[in-house]
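Numbering (our numbering), first residue to last: 2 to 337.
Structural data, given as structure tokens:
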């Protein structure tokens, strides 16, 4: 049986705690970005180790962040300790040299706090807009991640011997690769991340691509085993789980298990990404979400997937309620 995910920390905590930011409210862009700054400030005060920003172009999923490194540069100027991550930047649609320049600049501005997460990105509309075939995303990712490694390592970039500036050695040590959604390639991708000395980013373990959340967790555990076996540096694994924080368990269950309009339980809704022929039935087994205590099934309500009655506390309230009491107002060890 595959080992449990999580290696533990020297200070006794079982894991570092971060959050994934979704800016999908119907706000003006400037207001949404200010909300991101406010949330990172609140998370830092509460003792969170890191915050991670996703990348979605053209308001896919109603998201506002198309330039995550620019947003993190702004956040860096309003925080001092919390680590700043991308989860993830779609590398094959970018120039690796430009990504390295931007990342190294953000790292310098933030005092070495950037955690650069990259991945192949599955969104067909974005690939179409860039005039690139989605079928080539894995090949392009392999090429661009290899080039990004070279640039961050300080390889000469032209006949003049010029190299990246600001230097990217710190970012190179804090580079993360996301696993692919293609199950046939996932183990190979995890091994490649390990061989490169990069961290491994895992998405939520849900029943979208597995018979059950438990099966999805077992799949992810096998990827982690492959990654750890191949790692040339100390392994770094990031696990993402959706939770629904609420001070009252019964009320939380009520909010995330609403009935259908006619009183029947088990409502489902379909989520279709623009430009994609694929359709995902959400939720996999229960209305709005699974049970809050079950990893991978607790809903992140308020992300535009659920109606109003499925949403609960504000984002700031959720950060407050999920922050471990012993982490409040202390400086956790740096995420590496």
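For each residue, glycine too, the CB sits at the ideal point set by N, CA and C.
Keep in mind it's a predicted model, so treat the numbers as computed, not measured.
Inclusion of residue 170 and residue 155 in the CB contact set at 8 Å is warranted, their separation being smaller than that value. Excluding its 5 nearest sequence neighbours in each direction, residue 110 has C-beta neighbours in its own chain below 8 Å: 74, 77, 78, listed in chain order.
Here residue 232 carries a coil assignment [DSSP, helix/strand/coil]. Counting only runs of at least 3 residues, the region 32–84 fully encloses the following beta strand (DSSP E) elements, listed from N- to C-terminal order: 51–54.
In this structure, DSSP gives residue 179 an extended state, which the three-state scheme calls strand. Per the DSSP secondary-structure output, residue 22 pairs in a beta bridge with 54. Residue 129: member of the alpha helix (DSSP H) spanning 125–130, first to last residue. Distance from the CA atom of residue 81 to the CA atom of residue 122, rounded to whole angstroms, is 30 Å. Sequence-distant Cβ neighbours of residue 176 in its own chain, meaning closer than 6 Å and more than five residues away, are 117, 199. Assignment of residue 258 by DSSP, reduced to helix, strand and coil, places it in the coil class.
Where residue 120 is concerned, the enclosing beta strand (DSSP E) starts and stops at 115–120. In this structure, residue 206 lies near residue 214, with their beta-carbon atoms less than 8 Å apart. For residue 166, the number of other beta carbons within 10 angstroms of its own is below 16, and it is reported as exposed. Under the criterion of beta carbons closer than 8 Å, residue 152 and residue 98 qualify as touching, at roughly 6 Å.
The count of Cβ pairs closer than 8 Å, one atom from the region 40–58 and one from the region 84–103, reaches three, so the stretches are in contact. Cβ-Cβ separation between residue 70 and residue 103: approximately 5 Å, consistent with a contact (criterion under 8 Å). Beta-bridge analysis with DSSP links residue 87 to 54.
In this structure, residue 18 keeps its C-beta atom at 8 Å or more from the C-beta atom of residue 39. For residue 155, there is no enclosing alpha helix (DSSP H), as DSSP marks it with neither H nor E. The beta carbons of residue 172 and residue 108 sit about 5 Å from each other, so the pair counts as a contact at 8 Å. Residues of the same chain with a CB within less than 7 Å of the CB of residue 30, apart from the 5 flanking positions on each side, are 65 in chain order.
Counted as a single uninterrupted DSSP element, the beta strand (DSSP E) harbouring residue 200 occupies residues 200–202. For residue 174, the uninterrupted alpha helix (DSSP H) run begins and ends at 170–174, by DSSP.
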